[in-house]
Amino acid sequence: MSGDGSGGTDTSKILLIVVAAIIGIPVVLIVLAIVGGIILFLLSAVLGTFVLGLGGEQAAAAPQANFDFQTDGSEMVVVTHDGGETMPASSVRVEVDGYTTGTWADHGDPGTVSAGDSITLHSVRSGDTVRLVWEGPDGESRVLDSYTVP
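Going left to right, the sequence shown walks through residues 1 to 150 as this note's numbering numbers them.
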């Protein structure tokens, strides 16, 4: 060893490296833990959304359509699709006073219900309520229109 003090400098450098390693490793580990936690949280949120079915396909929207109801005082009501979307005849349930009388297809054209199409309901009395109910592919339903016979 020489008397120029370089031995003390080497010790300082080693001590500085040891201190940096002691402080630096936990800091790096903490940063990695935080970043890993954020990534894990985001992945679990995305996967959880799809597992619970929230990210899948939404239920089909009910068609928008207008219907006209005509009666001449007899026990008969003529229901006409007066405009709006076309829909499968088998997806339109016909109810009279809460009782299902079949689908539009059972009462008329088995294809589709489109503007100008009509069905005739028999044995409908004054005070009865006729309802057209759309039934979606996933079991959801919505009243398209209703009419109370005068």
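Every residue, glycine too, gets a C-beta built ideally from N, C-alpha and C.
Contacts around residue i, its chain only, beta-carbon distance under 6 Å, and the 5 residues preceding and following it disregarded
{"i": "Y206", "result": "Lying outside 1 to 150, the shown extent of the chain, residue 206 is not represented and no answer is given."}
{"i": "S141", "result": "V133, E135"}
{"i": "D10", "result": "none"}
{"i": "M87", "result": "P63, V113"}
{"i": "L52", "result": "none"}
{"i": "I23", "result": "none"}
C-beta contact flag for residue i and residue j at 7 Å
{"i": "G83", "j": "Q64", "result": "no"}
{"i": "S90", "j": "T80", "result": "no"}
{"i": "A60", "j": "P137", "result": "yes"}
{"i": "F67", "j": "D145", "result": "yes"}
Test: residue i CB closer than 7 Å to a CB of chain D
{"i": "Y147", "result": "In summary, chain D is missing from the structure at hand, where a single protein chain is found."}
Close beta carbons around residue i, own chain, < 8 Å, minus the five adjacent residues each side
{"i": "V124", "result": "T71, E75, M76, V77, V96, V130, V149"}
{"i": "P110", "result": "A89, S90"}
{"i": "A20", "result": "none"}
{"i": "V206", "result": "Outside the shown range of the chain, which is 1 to 150, sits residue 206, and nothing can be said about it."}
Assumed close pair residue i, residue j - CB separation to whole angstroms, cut-off 8 Å
{"i": "G108", "j": "I119", "result": "4 Å"}
{"i": "V94", "j": "L121", "result": "7 Å"}
Beta-carbon proximity list for residue i, same chain, < 7 Å, skipping 5 on both sides
{"i": "A105", "result": "A89, S90"}
{"i": "G48", "result": "none"}
Specify whether the segment 90–110 and the segment 39–54 touch according to this definition: at least 3 beta carbon pairs, one from each stretch, less than 8 Å apart. no
Decide yes or no for the touch test of the segment 115–127 against the segment 27–39: beta carbon pairs closer than 8 Å, at least 3 of them. no
Mind pulling the beta strand (DSSP E) runs of 3 or more residues that sit fully within the segment 121–148? 129–135, 141–148
Ordered list of beta strand (DSSP E) runs contained in the segment 92–122, each at least 3 residues: 92–96, 99–103, 118–122
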